[in-house]
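**Q**
There are 4 protein chains.
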Amino acid sequence: MTPYVAVVGPGEATAQQLAQARAVGAGLANRGAVVITGGLGGVMEAACRGAAEAGGVTVGILPGGDRAAANPWVAIAIATGLGELRNGLIVRAADSLIAIGGAYGTLSEVALALKTGVPVVGLGTWELEGITPVAAAEEAVARACQVPRLD
Amino acid sequence: MTPYVAVVGPGEATAQQLAQARAVGAGLANRGAVVITGGLGGVMEAACRGAAEAGGVTVGILPGGDRAAANPWVAIAIATGLGELRNGLIVRAADSLIAIGGAYGTLSEVALALKTGVPVVGLGTWELEGITPVAAAEEAVARACQVPRLD
Amino acid sequence: MTPYVAVVGPGEATAQQLAQARAVGAGLANRGAVVITGGLGGVMEAACRGAAEAGGVTVGILPGGDRAAANPWVAIAIATGLGELRNGLIVRAADSLIAIGGAYGTLSEVALALKTGVPVVGLGTWELEGITPVAAAEEAVARACQVPRLD
Amino acid sequence: MTPYVAVVGPGEATAQQLAQARAVGAGLANRGAVVITGGLGGVMEAACRGAAEAGGVTVGILPGGDRAAANPWVAIAIATGLGELRNGLIVRAADSLIAIGGAYGTLSEVALALKTGVPVVGLGTWELEGITPVAAAEEAVARACQVPRLD
Chain W
945 MTPYVAVVGP
955 GEATAQQLAQ
965 ARAVGAGLAN
975 RGAVVITGGL
985 GGVMEAACRG
995 AAEAGGVTVG
1005 ILPGGDRAAA
1015 NPWVAIAIAT
1025 GLGELRNGLI
1035 VRAADSLIAI
1045 GGAYGTLSEV
1055 ALALKTGVPV
1065 VGLGTWELEG
1075 ITPVAAAEEA
1085 VARACQVPRL
1095 D
Chain A
945 MTPYVAVVGP
955 GEATAQQLAQ
965 ARAVGAGLAN
975 RGAVVITGGL
985 GGVMEAACRG
995 AAEAGGVTVG
1005 ILPGGDRAAA
1015 NPWVAIAIAT
1025 GLGELRNGLI
1035 VRAADSLIAI
1045 GGAYGTLSEV
1055 ALALKTGVPV
1065 VGLGTWELEG
1075 ITPVAAAEEA
1085 VARACQVPRL
1095 D
Chain B
945 MTPYVAVVGP
955 GEATAQQLAQ
965 ARAVGAGLAN
975 RGAVVITGGL
985 GGVMEAACRG
995 AAEAGGVTVG
1005 ILPGGDRAAA
1015 NPWVAIAIAT
1025 GLGELRNGLI
1035 VRAADSLIAI
1045 GGAYGTLSEV
1055 ALALKTGVPV
1065 VGLGTWELEG
1075 ITPVAAAEEA
1085 VARACQVPRL
1095 D
Chain X
945 MTPYVAVVGP
955 GEATAQQLAQ
965 ARAVGAGLAN
975 RGAVVITGGL
985 GGVMEAACRG
995 AAEAGGVTVG
1005 ILPGGDRAAA
1015 NPWVAIAIAT
1025 GLGELRNGLI
1035 VRAADSLIAI
1045 GGAYGTLSEV
1055 ALALKTGVPV
1065 VGLGTWELEG
1075 ITPVAAAEEA
1085 VARACQVPRL
1095 D
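Residue numbers (the numbering used here), protein chains in the order written: chain W, 945 to 1095; chain A, 945 to 1095; chain B, 945 to 1095; chain X, 945 to 1095.
(1) With C-beta atoms as the reference, is V1065/X less than 7 Å away from A1057/X?
(2) Considering only the beta carbon of each residue, do P1096/W and A1055/W sit closer than 7 Å?
(3) Once DSSP output is grouped into helix, strand and coil, what is the label at V1085/X?
(4) Sorted by chain position, which residues of the same chain lie with C-beta nearer than 7 Å to G1045/B's C-beta, five sequence neighbours on each side aside?
(5) Check the Cβ of E1028/X against every Cβ in chain W and list those closer than 7 Å, keeping chain order.
(6) Using a C-beta to C-beta distance shorter than 7 Å, which residues of chain W count as neighbours of G1025/B?
(7) Per DSSP, G1049/A is paired with what?
(8) Where does the unbroken beta strand (DSSP E) through A1014/X begin, and where does it stop?
(9) If I measure Cβ to Cβ from I1075/X and keep anything under 8 Å in the same chain, skipping five residues before and after, which residues do I get?
(10) Relative to the C-alpha of V985/A, which candidate in L972/A, A970/A, P1007/A has its C-alpha closest?
(11) Provide the residue(s) that pair with L1026/W in DSSP beta bridges, ordered along the chain.
(12) In whole angstroms, what separates the C-alpha of I980/B from that of T1002/X?
(13) Going by the DSSP bridge assignment, what does A1043/B pair with across the sheet?
(14) Based on DSSP bridge pairs, tell me the residues matched to G1004/X.
(15) Spatial neighbours of I1020/B within its chain, please: CB distance less than 8 Å, with the 5 preceding and 5 following residues excluded, ordered by chain position.
(16) With a cut-off of 7 Å, does the C-beta of I1075/W fall near any C-beta of chain A?
(17) List the residues of chain A whose Cβ lies closer than 8 Å to the Cβ of G928/W, in chain order.
(18) Please report the Cβ distance between V1035/W and V1018/W, rounded to the nearest whole angstrom; I am assuming they are in contact, meaning their Cβ atoms lie under 8 Å.
(19) For D1095/X, which three-state DSSP category applies?
(20) For S1052/B, return the contacting residues in chain A, with the cut-off set at a CB-CB distance below 7 Å.
(21) Please report the distance separating the alpha-carbon of A1079/A from that of A1086/A.
(22) According to DSSP, is T934/A helix, strand or coil?
(23) Please state whether the Cβ-Cβ distance between A967/X and A1081/X is less than 7 Å.
(24) Grab the span of the beta strand (DSSP E) containing A1078/X for me, first residue to last.
(25) Could you check which residue in A959/A, C992/A, G982/A has the C-alpha nearest to that of N974/A?
(26) By the criterion of Cβ-Cβ separation under 7 Å, what are the contact partners of V949/A in chain W?
(27) Which same chain residues end up closer than 6 Å to I1022/B when comparing Cβ atoms and leaving out the 5 residues on each side of it in sequence?
(28) Got a sec? Which residues, its chain only, sit under 6 Å from E1083/B by beta carbon, not counting five neighbours each side?
(29) For V978/B, which residues in chain X fall below 8 Å Cβ to Cβ?
(30) Would you mind reading off the limits of the alpha helix (DSSP H) that contains L1072/X?
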């Protein structure tokens, strides 16, 4: 079955985080995964860009009610109007998570994933028991596409 | 902008409803619309099938937490775990609704759409002020792709 | 177990609907039911007022994120920020529904209730198979407190 | 305005955490606050018990669809059927959070609160920038009732 992998990270990101997210997106697309993000800027946009440039499918699950807020690399934009509660939908829709960087929204997604048994791979993110830390985008992709859902 | 059109209708449908849904799906795909459904059987599956066979993009917003419940014509399956509350997400994600047949779940989607200003086109569905009734699939597609969102 | 009964109806209501809602609220309080509404004006406010004046407990499940929007007769205000998606939460939290009047928001709640097996009693509302129509507030209260949940 | 304070913590808790939660619940009730929890056992139950014994009002926002799952000290039980997504509703309904202990569900609530500007007071919980750490229940109550919402 096609893996669905969420890439979560801050809307305002460092150059390194953006480069990692783009490489992660490309790697996921090369493995045939559907890339799910929160649909906005920063890490979300970079992951979508990397995936789209590599010919992959990108889904943006947006906090607001207007699809126009999606970054230009989102192929399928789902406007939810749920605000930050949409973070939980991103986790539910994914088989695994790749977390990049350490914002609070990202942390809420990581925590929900750990709570509900969705595997989390971390690239320079929160250090929590349960997250698999990796050093590079390629390893994150390999781990995220291999780990089965625990629940 | 690409129109997003939700096709809503019962999971257990008549042969006529299934034929209408499939024709609606095909028509929407031919116009370049993204077809959103609840992702399960009956009208939802027929609409997805029609769209997929015509080369269109189909999104299924599922009530359960397991993507495997999606019908085989869904390209992008979003498992929400929200139960019938996912009906509201279908309405939010769409620019307009085509309602086929008259089940209660469909009615909840139609009512939410009318309440929130999302145009509704009806094919043999509930007769309510605010729904644009049409007699054939082609007209439903034309109406759904033309009407701007009211809000 | 304490019955939880939702009273649903339009924010802009007629004098008759308001009088019915207030009488329904009072009747529910007299039977020891918790009264759940959408927390705003019109039928919601009249039902809360009737219940509060009779010493009952009132819960308002609000569409917005600000508790201050609750009508003054709401004892417990739950700000959801979900917009009209909170309608589904009202239905889920209730053992039965009393629907007064015929707005679209009300219809979405009635339809979700019928779809999910929550009994619906109607006072001058939509005529749908599955709704128990009654003529007076006292009968609505009696029916709503007696009917077991179907699912 | 009556403060609404959420007490969040694990369903399986240590004796110390339970004692802290019960003292926090009592303290909140004594200040007239409405105590919101996830409605289940452990820290949630102890906080409700403390509040109820002190004559306070307790609200349980449950993950499941059955009100019977609420602990016996919940006065108002809201069955949501949202699973862990109800964590976000707890945060939205509260003016401030008191976090006790360090489970993943708790972390998701803390992270959402920090993301959306709801003040968080911590008693033996995650150490994160933005959480106000305190050493005792009484201080937690005082802080939670004083801090205004930041957003």
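Backbone N, C-alpha and C fix where the C-beta goes; we use that ideal spot for every residue, glycine too.
**A** Per the coordinate set shown:
(1) no
(2) What is shown of chain W runs 945 to 1095, which leaves residue 1096/W out entirely.
(3) helix
(4) G953, P954, A957, Q961, V987, G1068, T1069
(5) G1032, L1056, K1059, T1060
(6) G1027
(7) For G1049/A, which the question treats as bridged, DSSP gives no partner whatsoever.
(8) Per DSSP, A1014/X belongs to no beta strand (DSSP E) and is neither H nor E.
(9) A1043, V1054, L1058, V1064, V1065, G1066, T1069
(10) This sequence places Gly at residue 985/A; Val is not what is there. The residue with the shortest Cα to Cα distance from G985/A is P1007/A.
(11) Answer is none; L1026/W lacks a bridge partner.
(12) 16 Å
(13) V952/B, G1066/B
(14) T981/X, A1021/X
(15) V1001, T1002, V1003, G1004
(16) no
(17) The first residue shown for chain W is 945 and the last is 1095, placing residue 928/W beyond what the model contains.
(18) That belief does not hold up - the Cβ atoms of V1035/W and V1018/W are roughly 18 Å apart, past 8 Å.
(19) Annotation note: pLDDT 42 at D1095/X (below 50); position unreliable, coordinate value reported separately. Reduced to three states, the DSSP call for D1095/X is coil.
(20) S1052, A1055, L1056, K1059
(21) 12 Å
(22) This structure gives no information on residue 934/A, because the portion of chain A shown stretches from 945 to 1095.
(23) yes
(24) Note that residue 1078/X is Val in the sequence shown, not Ala. That run of the beta strand (DSSP E) goes 1075-1078.
(25) C992/A
(26) Result: empty, since nearest Cβ-Cβ is about 13 Å, beyond 7 Å.
(27) I1005
(28) none
(29) I1020
(30) Careful: L1072/X lies outside any alpha helix (DSSP H) and carries neither H nor E.
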